[in-house]
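Same order as they appear, the protein sequences are chains U and H. Quick note: the first sequence uses the numbering used here, first residue 1, plus one each step. Quick note: the second sequence uses the numbering used here, first residue 434, plus one each step. All residues carry an ideal CB built from backbone N, CA and C; glycine is no exception. To start, the structure itself, in structure tokens.
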Amino acid sequence: MEKERIEKVKKHIRTEAALEAGQVLKKITDNFPDNPEGMKYFYDLLSRQFSEEILPKNGKKLIGTMCVQVPDELILAAGAKPVRVCSGSFPYDNAGAEFMPAKTCSMIKAIMGLFQVEDFREKFDMLVIPTTCDQKKKTTEILKDMGYEAYSLAMPSRKDDDNSRYYWQNSVKEFAADLMKKTGNKITKESLKKAFDLKNEARYEFRRLFKLRMKNPAVIYGKDAFLIANAYFTDDIESWTAALKKLNDELEKKVEEGFSVANAKVPRFLFTGSPPIFPNMKIPLLVEEAGGLIAIDEVCSSSRLLYDMPSYDEQGLYDMIPAIADCYLKPCTCPCFVPNEERKDKISNLIDMFNIDGVIYQAFSGCQLYEMEQKLIGNFLMKKGVPMLYIESDYSPEDTGQLSTRVEAFIESIKMKKKSSAAKKEENKKDKK
Amino acid sequence: MNKITKFVNNASIKRFRFWFQIVAFFIIIYGGYAAIEIGENLPTFACPYLDKPGGTCFLMGLQHRFTLPFDQFISFRGLAIITSILFFLAGFVFLNKAWCGYVCPIGTLQDWFTKIRQKLGIRYSNYSEKKFKKLKKIKYILLALLILIPLGIANSIPGVGKLSHDWGVPFCMVCPGRTVLPIFNGDFSQLTIDFSSKTKMVFTFLGMAVTGMFFAGAFYKKRFFCFFCPMSAFQFIFKKLGLLRLVKDGSKCTKCGDCYRACDMGIREIADDVENKDIVKDDCMMCFKCVAACPEEGCLKVNFLSKTIYKATEEGFYKRTK
Ligand code: SF4
Ligand code: SF4
Ligand code: SF4
Ligand code: SF4
Numbered sequence: 001m002e003k004e005r006i007e008k009v010k011k012h013i014r015t016e017a018a019l020e021a022g023q024v025l026k027k028i029t030d031n032f033p034d035n036p037e038g039m040k041y042f043y044d045l046l047s048r049q050f051s052e053e054i055l056p057k058n059g060k061k062l063i064g065t066m067c068v069q070v071p072d073e074l075i076l077a078a079g080a081k082p083v084r085v086c087s088g089s090f091p092y093d094n095a096g097a098e099f100m101p102a103k104t105c106s107m108i109k110a111i112m113g114l115f116q117v118e119d120f121r122e123k124f125d126m127l128v129i130p131t132t133c134d135q136k137k138k139t140t141e142i143l144k145d146m147g148y149e150a151y152s153l154a155m156p157s158r159k160d161d162d163n164s165r166y167y168w169q170n171s172v173k174e175f176a177a178d179l180m181k182k183t184g185n186k187i188t189k190e191s192l193k194k195a196f197d198l199k200n201e202a203r204y205e206f207r208r209l210f211k212l213r214m215k216n217p218a219v220i221y222g223k224d225a226f227l228i229a230n231a232y233f234t235d236d237i238e239s240w241t242a243a244l245k246k247l248n249d250e251l252e253k254k255v256e257e258g259f260s261v262a263n264a265k266v267p268r269f270l271f272t273g274s275p276p277i278f279p280n281m282k283i284p285l286l287v288e289e290a291g292g293l294i295a296i297d298e299v300c301s302s303s304r305l306l307y308d309m310p311s312y313d314e315q316g317l318y319d320m321i322p323a324i325a326d327c328y329l330k331p332c333t334c335p336c337f338v339p340n341e342e343r344k345d346k347i348s349n350l351i352d353m354f355n356i357d358g359v360i361y362q363a364f365s366g367c368q369l370y371e372m373e374q375k376l377i378g379n380f381l382m383k384k385g386v387p388m389l390y391i392e393s394d395y396s397p398e399d400t401g402q403l404s405t406r407v408e409a410f411i412e413s414i415k416m417k418k419k420s421s422a423a424k425k426e427e428n429k430k431d432k433k
Numbered sequence: 434m435n436k437i438t439k440f441v442n443n444a445s446i447k448r449f450r451f452w453f454q455i456v457a458f459f460i461i462i463y464g465g466y467a468a469i470e471i472g473e474n475l476p477t478f479a480c481p482y483l484d485k486p487g488g489t490c491f492l493m494g495l496q497h498r499f500t501l502p503f504d505q506f507i508s509f510r511g512l513a514i515i516t517s518i519l520f521f522l523a524g525f526v527f528l529n530k531a532w533c534g535y536v537c538p539i540g541t542l543q544d545w546f547t548k549i550r551q552k553l554g555i556r557y558s559n560y561s562e563k564k565f566k567k568l569k570k571i572k573y574i575l576l577a578l579l580i581l582i583p584l585g586i587a588n589s590i591p592g593v594g595k596l597s598h599d600w601g602v603p604f605c606m607v608c609p610g611r612t613v614l615p616i617f618n619g620d621f622s623q624l625t626i627d628f629s630s631k632t633k634m635v636f637t638f639l640g641m642a643v644t645g646m647f648f649a650g651a652f653y654k655k656r657f658f659c660f661f662c663p664m665s666a667f668q669f670i671f672k673k674l675g676l677l678r679l680v681k682d683g684s685k686c687t688k689c690g691d692c693y694r695a696c697d698m699g700i701r702e703i704a705d706d707v708e709n710k711d712i713v714k715d716d717c718m719m720c721f722k723c724v725a726a727c728p729e730e731g732c733l734k735v736n737f738l739s740k741t742i743y744k745a746t747e748e749g750f751y752k753r754t755k
């Protein structure tokens, strides 16, 4: 009896989650004109996130990862498939809330809900969780307790000294050794080189998109860019790269034809903070539906995902593995690091490169690190003279109405500012004449 | 023009350097046979202990010239020190520290050792950066000694008196240039211990020990000897005069550390310093491997007379990592 009831509840959550994903996708496609042809692949893929077709076992081991910080080259080199299991689903978030502390961040709750509702014990051979924030650390143990093969990847809390660097290199080396044990496949310099190349090709296309997004007027919405990166979480790396290549080609052609999705008057935003993960596109959609454009972001679920590129000097595992490790540590701008000056530098550079008018800072309630770093980034931006909107939110749609008023007001104020500065420029021009 | 720039920026600096070094090596070691004489005060180890080198090492002359009584400083002989430094600089300014990365035969030899190690699939050794930092000061001590000891030969030191002439050219006595390079002339005579006097015995013994460390060190640690080289210390004093420059645009740097990994001299600042434009540190040999390893467009650059001749590009990075 009890078992049946539980199954019923699970089924209900699953249906709700699928419904939510469908609704969000509908918003993403229907509320915007001129969606690129090449986006279809990504829309379709996300509509079936975590489904049987997307995550087939076909002989390969599945390794779940819970952060950008997990070097998936190693997983590929060990002949397994990496799947990032971070979830953005509100029904799963609710399910997680049943047994997680109230102040846990939505993303953690959603992941836990997902793993509770879907019995993934058979599916995933290993779940790799880096020791970034406290919530992830404890999540590892809870997952273990639930019967999952959870692996804690030890990360230092500093990135700027060589002790931390060696510590991290060693933990990545150990991870490689454990992966070999788990998968029964050897990581060789040849297989690692192949994984390296696969990932670098993905990075190449990712950077192409990055550069396309610099175009002003813009050729692609931020919501689409988020989805592309999100699709990488579960997709096969080769098909993903091929799909993105197609999209990039299409966009490049559109640029030549003079096509754009927003004129140069549209305020351009940088999005930073807690990661928007499909289907939680709440804030990005609010911004873009209200007439703003997310030109670029600084989040671990999107532009930070595939930007940094490792390079090794000697072809041997003794040099290649530390090279990979370095690339995942040194340029990382996650707020779990102290000091984290690099995040300010990066945001500042992106603002200049992408002609940014304002910053949207999202923090999930309960995500202490992003909540706390908000102050530092806010002060920094104030000095730089770039307005920032700080939004504390979660996966629930409840606050949408109230948030949309704030977002609209913010966008209006920036539009005004843009107008007056454009007018000033005009005047200056006239004066000169 | 654009095509050439692109070609250069996409080029593999490793290959270019490999061939450049071979040519330079032959010119320095055997140049004399082809009547090549680049100069007398070269900022590199063109060792006169060789039969017919293509130039002469500055340090030997420097040690000789400082064997000078104090009262003769303001004289023709004192002036010779200054003119020799000027000649040194005349050569130095063109390549700056790239003399080390591209010309010095002792540097090249060490790079060949590294190549052999890599071919054998043997890993390099890691070392603690902090400890090594202290050791690296040795080069300045050596530089001071190679000037002070000759002064002690020509001038009476209170309590000790004058040093004997056996102390002449003290650095040459321990320099691998003297012991190792003549091997390429088939001359192994420097690899012996000289028992003719106590001082000579100690010096030649030290020379042998350094040679042993040179071979063993170069095999496991890239450019091991260069960390202690007084020539590099002397060059560093004049780095501002160099026409060839390594510059960095910190605003483009993501601190990814690729350059730091590529650097044989383990120079951390190349990645972590985003403030300074002129990024050349005392150990830098201007090999420009860092530039080739950097994925950020125009972040690291090689300039000659303020004109960029080579720079980091995304495309070049991809070409090279393929
Ligand atoms: S540091 Fe000394 S040994 Fe090394 S390349 Fe330079 S001059 Fe030669
Ligand atoms: S022994 Fe060394 S310092 Fe002396 S002349 Fe030869 S290369 Fe120069
Ligand atoms: S490789 Fe380039 S971007 Fe990376 S740390 Fe070095 S200079 Fe900075
Ligand atoms: S800093 Fe660059 S040029 Fe200097 S030694 Fe290191 S890799 Fe070579």
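Proximal chain U residues relative to residue i, where beta-carbon distance stays under 9 Å
i, result
"H:LYS688", "LYS159, ASP160, LYS330, PRO331, GLU342, ASP345"
Nearest candidate by alpha-carbon position, reference residue i, set the options
i, options, result
"U:VAL338", "U:ASP161, U:LEU74, U:LEU350, U:ASP352", "U:ASP161"
"H:GLN551", "U:LYS11, U:VAL24, U:ALA18, U:TYR318", "U:TYR318"
"U:ALA77", "U:SER420, U:LYS223, U:LYS215, U:PHE175", "U:PHE175"
"H:LYS655", "H:CYS696, H:PHE638, H:THR687, H:PRO663", "H:CYS696"
"U:ILE377", "U:PRO267, U:CYS327, U:GLY273, U:ALA409", "U:GLY273"
"H:GLY749", "H:LEU738, H:THR741, H:LYS740, H:GLY731", "H:GLY731"
"U:TYR221", "U:ILE6, U:GLU20, U:ASN35", "U:ASN35"
"U:VAL117", "U:GLN69, U:ALA422, U:TYR204, U:TYR92", "U:TYR92"
"U:GLU289", "U:VAL261, U:SER311, U:CYS300", "U:VAL261"
"U:SER303", "U:ALA231, U:LYS194, U:THR188, U:SER89", "U:ALA231"
Proximity test, Cβ basis, 7 Å: residue i and chain H
i, result
"U:MET107", "no"
"U:ASP134", "no"
"U:ALA325", "no"
"U:TYR318", "yes"
Distance CB(residue i)-CB(residue j) smaller than 7 Å
i, j, result
"U:ASP125", "U:LEU192", "no"
"U:LEU46", "U:PHE278", "yes"
"H:PRO476", "H:PHE525", "yes"
"U:LYS103", "U:GLY316", "no"
"H:LYS572", "H:PRO663", "yes"
"H:MET493", "H:CYS605", "yes"
"H:VAL593", "H:LEU639", "no"
"U:LEU306", "U:ALA202", "yes"
"U:CYS86", "U:THR132", "no"
"H:LEU528", "H:LEU677", "yes"
"U:PHE364", "U:CYS105", "yes"
Inter-residue spacing [alpha-carbon to alpha-carbon] between residue i and residue j
i, j, result
"U:TYR151", "H:LYS567", "39 Å"
"H:LYS755", "H:PHE459", "32 Å"
"H:MET634", "H:PHE628", "5 Å"
"H:ILE461", "H:TYR560", "32 Å"
"U:GLY79", "U:GLU373", "38 Å"
"H:ILE515", "H:ILE670", "15 Å"
"U:ASN200", "U:TYR328", "14 Å"
"H:SER630", "H:PRO603", "14 Å"
"U:ASN185", "U:GLU149", "18 Å"
"U:LYS40", "U:ILE414", "32 Å"
Proximal chain U residues relative to residue i, where beta-carbon distance stays under 7 Å
i, result
"H:GLY592", "The contacting residues do not exist; H:GLY592 stays about 44 Å from chain U at best."
"H:GLU747", "ARG207"
Residues that residue i contacts on chain H, provided the C-beta gap is smaller than 8 Å
i, result
"U:ASP313", "ARG694, ALA695, LYS722, ALA726"
Contact list for residue i against chain H, beta-carbon separation under 7 Å
i, result
"U:ASN248", "What U:ASN248 touches in chain H: nothing, since even the nearest Cβ is about 14 Å away."
"U:ASP308", "THR687, CYS689"
Any chain U beta carbon closer than 7 Å to residue i
i, result
"H:GLN551", "yes"
"H:ARG556", "yes"
"H:GLU730", "no"
"H:THR754", "yes"
"H:GLU562", "yes"
Proximal residues of chain U, C-beta to C-beta of residue i below 8 Å
i, result
"H:PHE750", "MET309, SER311"
Distance cut-off 6 Å: residue i Cβ against heavy atoms of ligand 5
i, result
"H:MET719", "By its list of ligands, the structure shown excludes ligand 5, since it contains just ligand 1, ligand 2, ligand 3 and ligand 4."
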